[in-house]
Amino acid sequence: MLEPTSQGASSAPGAAAAVTHARFPGLARRLPWLVLALLAAFPLLAPAFGLEYYVGFVRRVLIVAIAATSLNFILGYGGMAALGHAGFIGVGAYTVVALVEAGFSSAWLAWGSAALVAGLAAAAIGAVSLRTRGVYFIMITLAFAQMLYYLAVSLRTWGGDDGYGLYTPLELGAWLDGAHAQVFYWVVLVIAAAVFALFSRVAHSRYGHALRGIRDNEMRMVALGYPVYGLKLAGFVAAGAVAGLAGGLLASHNAFVSPSIMHWTQSALLLVMVMLGGAGRRWGAPLGVALWLTLEEVLKLYTDYWHWPLGLLLLLVVFHAPQGVAALLERRGGREGAR
Amino acid sequence: MDAIFVFEQLLNGLGYGLMLFLIAAGLTLVFGIMDTMNLAHGSLYMAGAYVAARVHEASGAFALAVAVAVGVTVAIAAVVEFVVIRRLYRRDHLVQVLATFGIILIADDAVKAIWGVAPLLASTPAALAGPVDLFQGLPYPSYRLLLIGAGLAVALGLYLLVNKTRIGMLVRAGASNRQMAEHMGVRVGGVFAFVFALGAALAALAGALMAPISAVQIGMGEAILIPALVVIVIGGIGSVRGAFVAALLVGMVDTAGRAFLPPALRAVLPPSVAADLGPALAGIAMYVLMAAVLTLKPAGLFPARG
Chain E
1 MLEPTSQGAS
11 SAPGAAAAVT
21 HARFPGLARR
31 LPWLVLALLA
41 AFPLLAPAFG
51 LEYYVGFVRR
61 VLIVAIAATS
71 LNFILGYGGM
81 AALGHAGFIG
91 VGAYTVVALV
101 EAGFSSAWLA
111 WGSAALVAGL
121 AAAAIGAVSL
131 RTRGVYFIMI
141 TLAFAQMLYY
151 LAVSLRTWGG
161 DDGYGLYTPL
171 ELGAWLDGAH
181 AQVFYWVVLV
191 IAAAVFALFS
201 RVAHSRYGHA
211 LRGIRDNEMR
221 MVALGYPVYG
231 LKLAGFVAAG
241 AVAGLAGGLL
251 ASHNAFVSPS
261 IMHWTQSALL
271 LVMVMLGGAG
281 RRWGAPLGVA
291 LWLTLEEVLK
301 LYTDYWHWPL
311 GLLLLLVVFH
321 APQGVAALLE
331 RRGGREGAR
Chain C
340 MDAIFVFEQL
350 LNGLGYGLML
360 FLIAAGLTLV
370 FGIMDTMNLA
380 HGSLYMAGAY
390 VAARVHEASG
400 AFALAVAVAV
410 GVTVAIAAVV
420 EFVVIRRLYR
430 RDHLVQVLAT
440 FGIILIADDA
450 VKAIWGVAPL
460 LASTPAALAG
470 PVDLFQGLPY
480 PSYRLLLIGA
490 GLAVALGLYL
500 LVNKTRIGML
510 VRAGASNRQM
520 AEHMGVRVGG
530 VFAFVFALGA
540 ALAALAGALM
550 APISAVQIGM
560 GEAILIPALV
570 VIVIGGIGSV
580 RGAFVAALLV
590 GMVDTAGRAF
600 LPPALRAVLP
610 PSVAADLGPA
620 LAGIAMYVLM
630 AAVLTLKPAG
640 LFPARG
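Chains as they are written, first to last, in this note's numbering: chain E, 1 to 339; chain C, 340 to 645.
Right under this line is the structure:
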């Protein structure tokens with residue numbers, strides 16, 4: 001699954017992409033669709049290879065990739081290093097818990113509310129945090145996420161420290177429920193593809209270019225008359241809402257919500273996965289998430305000591321591929337093209 | 340809630356604040372001088388705690404355990420500085436986060452491999468096991484008094500080192516303007532290595548002293564790292580004086596919040612609401628303090644760079 005996406009990485013603008021386009025006309029354009037088709041067929045093919053267990057795993061990768069894609073948008077394109085993104089995932093997940101506790105059972109209502117409430121939380125947190133810069137921004141987003149964490153720990157009506165079990169799955173709507181055992185997988189896939197396509201498009205829109213301008217030289221964008229604060233806040237709110245949506249999906253995926261999903265190490269992990277894949281690269285977030293979670297899954301099969309190889313991987317990336325894996329693959333594509 | 344309880348809690352807050360200061364001092368110096376965000380600082384604290392707990396258990400000599408813990412941790416830190424940190428000084432903060440997060444993962448697995456997953460139970464030294472009467476009617480654990488004494492002594496020593504010695508002058512020069520210090524002929528490489536080792540020694544000392552009154556377990560480094568980061572942000576990154584003031588503030592606010600907020604809330608709110616809200620507000624207090632300080636003084640209480 002990683003191989004095809006690696007090819008897709010070369011579809012980003014630049015000399016490499018041009019060469020790829022020349023050598024394989026249309027391939028780069030078709031690859032995202034090929035990946036999508038493979039992912040869509042996976043639940044049907046998996047039983048034939050005895051991989052049923054991994055349908056759930058891929059579903060989790062897709063959900064985390066949704067959150068990571070939203071973080072990549074503000075981090076990679078907006079230059080906002082938020083170390084509290086898991087907080088919005090938590091807000092989304094607990095919104096679902098609140099609605100279930102109140103007796104609602106519609107999945108769409110729950111997930112939509114999750115995005116909405118997380119977006120509102122992001123508006124409030126962003127309005128304060130975006131007044132700070134650099135390390136102080138990292139720290140203040142972390143502080144707000146920690147506040148949300150402690151709030152969740154103490155709210156005993158929603159399980160507090162022990163978490164909250166969602167015993168009956170949410171209802172998707174008339175014909176979807178019970179249509180197939182894996183219908184939730186396809187729902188997640190469609191949402192993930194839509195989120196990915198949306199952010200890819202926005203990144204290359206006028207707004208996306210303005211955001212990149214702010215990342216590279218904020219003073220200059222202010223001088224040019226751009227409403228810098230408002231543009232950043234808009235991106236922050238959008239990313240928060242999408243992270244909330246991912247949180248809502250994660251609540252359904254795990255059928256369980258506990259404060260640990262918004263512990264600060266989860267925020268750090270999200271940041272790490274985006275940077276591993278390549279911040280500010282189109283395929284950075286999904287690549288990073290797929291690579292990290294797959295390695296974690298595989299290493300866990302063989303050893304209890306699965307942290308240190310991942311730590312070593314991070315050091316290798318820092319010293320040998322500081323732009324992330326996506327950039328590494330793009331560069332390799334360029335070299336091949338030059339030959 | 341009587342005067343004795345309040346006084347006891349204030350002493351607890353002072354002790355916690357001083358231990359936070361030991362960790363934050365190294366963090367703020369590394370951050371201020373080398374412009375390096377070292378998330379793995381908590382791992383050095385963990386190393387100190389584990390080594391001290393084990394040596395104390397084996398030898399029965401607490402002072403020896405603390406000394407060995409500091410020595411071993413400084414040696415580990417020197418290796419880590421030489422292999423990894425040295426190459427991160429001029430890199431982006433996010434890259435430093437990535438690399439030092441990697442070090443955390445490696446450190447946690449190393450501890451697991453050497454000492455196992457189960458938390459260690461570190462005992463207080465036998466001579467300091469009992470309470471002492473501070474004055475009539477106030478018994479206070481003598482070990483916690485040692486903590487306060489040691490914290491104050493180290494703070495004083497650090498003050499003298501930074502403000503009255505030549506190496507301290509170089510450190511301050513590096514913190515307030517690194518480039519200028521380099522141009523004036525300061526060999527920053529040596530100063531960096533010294534500062535990193537000093538920070539490691541302080542973190543290990545804090546770990547060794549905290550071991551008997553906290554859980555010695557994997558993840559303790561990550562748990563203490565966040566309050567320490569809050570301290571250096573409140574105090575102003577790079578300022579040891581700021582770290583001292585902020586550490587005491589955070590220590591007091593955190594301890595007071597946990598001790599006084601729940602009973603205070605119970606007095607004014609219905610019990611079910613108070614039971615939910617009390618612990619939440621106590622946990623949040625320190626972050627509210629940070630947000631308030633950053634709103635009023637965006638560069639912290641004592642900005643090191645002028």
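The beta-carbon is built from N, C-alpha and C at its ideal position, and this holds for glycine as well.
Bear in mind the structure is a predicted one, so any value in this text is a computation, not a measurement.
Within the stretch 292-313 of chain E, 305, 307, 308, 310, 311 and 312 place their CB atoms closer than 7 Å to a CB of chain C, listed in sequence order. DSSP places residue 447 of chain C within a helical segment (H, G or I) once states are collapsed to three. A residue is called buried once 16 or more other Cβ atoms fall within 10 Å of its Cβ, and residue 85 of chain E is buried on that count. Counting other Cβ atoms within 10 Å of its Cβ, residue 275 of chain E reaches 16 or more and is therefore classed as buried.
Here residue 462 of chain C carries a coil assignment [DSSP, helix/strand/coil]. In this structure, the beta-carbon distance from residue 70 of chain E to residue 242 of chain E falls below 8 Å. The beta carbon of residue 435 of chain C sits closer than 6 Å to the beta carbons of 375, 376 and 427 from its chain, once the five residues preceding and following it are set aside; these are given in chain order.
The CB of residue 432 of chain C comes closer than 9 Å to the CB of 81, 134, 135 and 138 in chain E, given here in chain order. In the DSSP assignment, residue 171 of chain E forms a beta bridge with E:106. Look at the beta carbons and you see the stretch 216-233 of chain E not touching the stretch 249-266 of chain E: under three pairs across the two are nearer than 8 Å. Under the DSSP assignment, residue 472 of chain C falls in the beta strand (DSSP E) whose first and last residues are 470-474. Using a CB distance below 9 Å, no part of the stretch 60-72 of chain E faces chain C.
Residue 318 of chain E belongs to the set of residues whose beta carbon lies under 8 Å from a beta carbon in chain C. When rounded, the separation of the alpha-carbon atoms in residue 214 of chain E and residue 231 of chain E is 9 Å. Restricting attention to alpha helix (DSSP H) runs no shorter than 4 residues, the stretch 74-123 of chain E encloses them at 85-101, ordered along the chain.
The stretch 383-399 of chain C and the stretch 582-599 of chain C do not touch, with fewer than three beta-carbon pairs separated by less than 8 Å. For residue 635 of chain C, there are no CB contacts under 8 Å within the same chain when 5 residues up- and downstream are skipped. Of all residues in the stretch 566-594 of chain C, only 568, 569, 572 and 576 place a beta-carbon less than 8 Å from a beta-carbon of chain E. Beta-carbon to beta-carbon, residue 248 of chain E and residue 327 of chain E are separated by about 32 Å, too far to satisfy the 8 Å threshold. Taking the beta carbon of residue 436 of chain C as reference, the chain E residues within 9 Å of it are 81, 83, 138, 268, 271, 272 and 275, listed in sequence order.
Here residue 88 of chain E is buried. Its C-beta has 16 or more other C-beta atoms within 10 Å.
Per DSSP, the continuous alpha helix (DSSP H) segment holding residue 568 of chain C begins and ends at 559-574. Taking the C-beta atoms as reference points, residue 94 of chain E is found nearer than 8 Å to residue 257 of chain E.
Under the DSSP assignment, residue 477 of chain C falls in the beta strand (DSSP E) whose first and last residues are 477-480. Taking 9 Å as the cut-off between beta carbons, the residues of the stretch 595-625 of chain C near chain E are 611, 614, 615, 616, 617, 618, 619, 620, 621, 622, 623 and 625, in sequence order. Between residue 284 of chain E and residue 492 of chain C, the alpha-carbon positions lie close to 49 Å from each other.
When 8 Å is used as the limit between beta carbons, residue 190 of chain E is near no residue of chain C, the shortest such separation being about 32 Å.
Taking the Cβ atoms as the reference, residue 441 of chain C lies roughly 3 Å from residue 314 of chain E, within the contact range of under 8 Å.
With contacts defined as CB atoms closer than 8 Å, residue 262 of chain E and residue 90 of chain E qualify as a contacting pair.
Closer than 8 Å to the CB of residue 488 of chain C there is not a single CB belonging to chain E. Scanning its chain for C-beta atoms nearer than 7 Å, with the 5 sequence neighbours on each side dropped, one finds around residue 165 of chain E the residues 255 and 256, in chain order.
Each of C:535, C:558, C:619 and C:615 was checked against the Cα of residue 372 of chain C, and the nearest Cα belongs to C:535. What residue 146 of chain E touches in chain C, judged by beta-carbon distance under 7 Å, is 565 and 626, going in chain order. When secondary structure is reduced to three states using DSSP, residue 456 of chain C falls in the coil class, being assigned neither helix nor strand.
Across the set C:411, C:578, C:391 and C:457, the C-alpha of C:457 shows the shortest separation from the C-alpha of residue 558 of chain C. Taking a C-beta cut-off of 9 Å against chain E, the contacting residues of the stretch 446-464 of chain C are 446, 447, 448, 449, 451, 452 and 456, listed in chain order.
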